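>
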Ligand SMILES: Cc1ncc(COP(=O)(O)O)c(C=O)c1O
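Residue numbers (our numbering): 825 to 1279.
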């Protein structure tokens, strides 16, 4: 019997099991009893990311160095937004951010802040972009808000139609609404169409309203890396802030044979990265880089009791909104120091290799349609047995996904590429192998063979 990724239970059964954990008005439990309760009630329902048959999401069990760093951070429960609360934590956060800038090759002016998640990093990047646009228009966005723009309805963010939905959240939260998104189509390989975006970024009358262009370095759906260099070269850099969303993909820029795909990202105005995705750093752990550290002053709000304007000490909380954040920098530093540069690159390379082998093995396989060439660690495909009707193929992908999920032994995700459903295989952890993904395809084929080709 193969190990399950999770119990396979439905929500109702999980609620029943965890009920004793939620009896907040009951008597206290000893730590031993509590441990036993958690192990019994909850743990079976959690996902086991360490199994090679888990290939549906950007999650992995913690890397050992990162786990150690997180344990220390937890033991001291440090908040790190200011010197006053944690001198060592504040200095570590500042210095780690700059060391990460150097690791990725950003210029000497660059700086970074830790964030709770990629979603908030993208949101902050768009805020800073809009803040700069306001500055050019002669007012302070922090004071006046979007009311300061004579025609706020004209403000535009140019973005690929494959961008992560956090960009939609960002424009909603900025009060611009989703109508401010100018969605650019993608090419056959799911990268933003460079010709169309360059044209848009260069068109008088249009370009002046685009305050930010978002490129994705590793899209959520297919792992495609948008062409960064051509956009950097074609945008009016003073008017248009270029943000690179590398929440999922950026770390792969550290793998030498993949570096050229990402060329130009160090020249973007801001870049999002989630070490909690492919590096196995415990959740939450995200970073926002800016090419010019001065841009962070757009976030600063000074306090009376801490983050004072006249405080000569480092106060990382002036670079992002939360006034409490965990010591996330220790987990990243500990992981990178544990693995060393070569070990880190090898860890990152392993799922990339697995996806390449997986794609090569399926290239001419009958009944399998590959939806794209993998840029990074994701491959989307459609199973369609010979003679199976096209109009039922979307239903078939959903059926396969739902059945595998319900069995709980293998996990693959479902996505849409254009207007078609596809199965999405994600390799993130070093546990992912081409062999395990091919086994999942074999099971999926068996499910496909048994699926009626008529409703
Ligand atoms: C490309 C991309 N950007 C942003 C995000 C959001 O990151 P987070 O889940 O850390 O909020 C994701 C999450 O999958 C992503 O894939």
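Backbone N, C-alpha and C define an ideal beta-carbon position, used for all residues, glycine too. Keep in mind that this is a model prediction, so the values were computed, not measured.
Measuring only from the beta carbon, is residue 988 closer than 7 Å to any heavy atom that is part of ligand 1?
The answer is yes for residue 988.
> Apart from the five residues just before and just after residue 856, which ones in its own chain have a Cβ nearer than 6 Å to its Cβ?
No residues qualify anywhere along the chain.
> Kindly indicate which three-state DSSP category residue 1070 falls into: helix, strand or coil?
Here residue 1070 sits in strand by DSSP.
> By the 10 Å Cβ neighbour count, where 16 or more other Cβ atoms means buried, how is residue 988 classified, buried or exposed?
Label assigned to residue 988: buried.
> Name the residue from 877, 1177, 1212 whose alpha carbon lies nearest to the alpha carbon of residue 1081.
The shortest C-alpha separation from residue 1081 is found at 1177.
> I'd like the list of long-range same chain contacts for residue 1231, defined as Cβ closer than 7 Å, with 5 residues on each side in sequence excluded.
If we look at residue 1231 and ignore the five residues flanking it on each side, its Cβ neighbours are 832.
> For residue 883, which option in 889, 874, 891, 890 has the closest C-alpha, if you only look at C-alpha atoms?
Taking only the C-alpha atoms, the option nearest residue 883 is 874.
> Assuming residue 1155 and residue 890 are in contact, meaning their beta carbons sit under 8 Å apart, how far apart are those beta carbons, in whole angstroms?
About 5 Å; that satisfies the 8 Å criterion.
> On the premise that residue 1256 lies in contact with residue 1207, defined as a C-beta separation below 8 Å, what is that separation, rounded to the nearest angstrom?
With 8 Å as the limit, residue 1207 and residue 1256 do not qualify as a contact, their Cβ atoms being about 20 Å apart.
> Tell me which residue opens and which closes the beta strand (DSSP E) that residue 1245 is part of.
Taken as a continuous stretch (DSSP letters only), the beta strand (DSSP E) holding residue 1245 covers 1244-1250.
> With DSSP run on the structure shown, which of helix, strand or coil describes residue 825?
Model confidence at residue 825 stands at a pLDDT of 42, short of 50, so the residue's coordinates are unreliable and nothing is read from them.
> Hey, could you find the ends of the alpha helix (DSSP H) residue 900 is sitting in?
Per DSSP, residue 900 belongs to the alpha helix (DSSP H) from 888-900.
> Kindly provide the ranges of any beta strand (DSSP E) runs that are 3 or more residues long and lie completely inside the stretch 1159-1232, ordered along the chain.
Listed in chain order, the complete beta strand (DSSP E) runs (minimum 3 residues) inside the stretch 1159-1232 are 1192-1194, 1202-1207.
> Relative to the C-alpha of residue 1198, which candidate in 1049, 1010, 972, 918 has its C-alpha closest?
Answer by Cα proximity: 1049.
> Mind checking whether the beta-carbon of residue 1050 lies closer than 7 Å to any heavy atom of ligand 1?
No; taking the cut-off as 7 Å, the Cβ of residue 1050 has no heavy atom of ligand 1 nearer than that.
> State the Cα-Cα distance for the pair residue 1275 and residue 1104, rounded to the nearest angstrom.
Between residue 1275 and residue 1104, the C-alpha separation is close to 37 Å.
> Starting from the Cα of residue 1109, find the closest Cα among 1262, 893, 1214 and give me that residue.
Answer by Cα proximity: 893.
> Assuming residue 879 contacts residue 1261 under a Cβ cut-off of 8 Å, what Cβ separation, rounded to an integer in Å, is found between them?
That pair is a contact at about 6 Å.
> State the Cα-Cα distance for the pair residue 1244 and residue 1218, rounded to the nearest angstrom.
Near 6 Å, if we compare the C-alpha coordinates of residue 1218 and residue 1244.
> Quick check: does the Cβ of residue 937 come within less than 7 Å of any heavy atom belonging to ligand 1?
Because no heavy atom of ligand 1 lies under 7 Å away, the Cβ of residue 937 does not count as near it: no.
> Taking residue 1220 as the reference, give the member of 1277, 1202, 1264, 1194 with the closest Cα.
The option with the nearest alpha carbon to residue 1220 is 1277.
> Nearest to residue 868 by CA position, among 957, 842, 885, 995, is which residue?
It is 842 whose Cα lies nearest to the Cα of residue 868.
> Should the stretch 952-962 be called in touch with the stretch 1116-1130, which here means at least 3 C-beta pairs below 8 Å?
Flag = yes, the stretch 952-962 and the stretch 1116-1130 touch.
> At a cut-off of 7 Å, would you count residue 1027 as near ligand 1, judging by its Cβ distance to the nearest heavy atom?
For ligand 1, not one heavy atom lies less than 7 Å from the Cβ of residue 1027.
> Tell me the start and end of each unbroken alpha helix (DSSP H) in the stretch 893-963 that is at least 4 residues and wholly inside, in chain order.
911-928, 942-961, all fully within the stretch 893-963.
> Confirm the yes/no value for this check: CB of residue 1071, any heavy atom of ligand 1, distance under 7 Å.
Yes, the beta carbon of residue 1071 sits closer than 7 Å to at least one heavy atom of ligand 1.
> For residue 942, is the beta carbon positioned less than 7 Å from some heavy atom of ligand 1?
Because some heavy atom of ligand 1 lies under 7 Å away, the Cβ of residue 942 counts as near it: yes.
> Measure the alpha-carbon distance for residue 1129 versus residue 1145 and round it to whole angstroms.
C-alpha separation (whole angstroms): 16 Å.
> May I have the straight-line CA-CA distance separating residue 1107 from residue 939, to the nearest angstrom?
Going by the C-alpha atoms only, they are around 11 Å apart.
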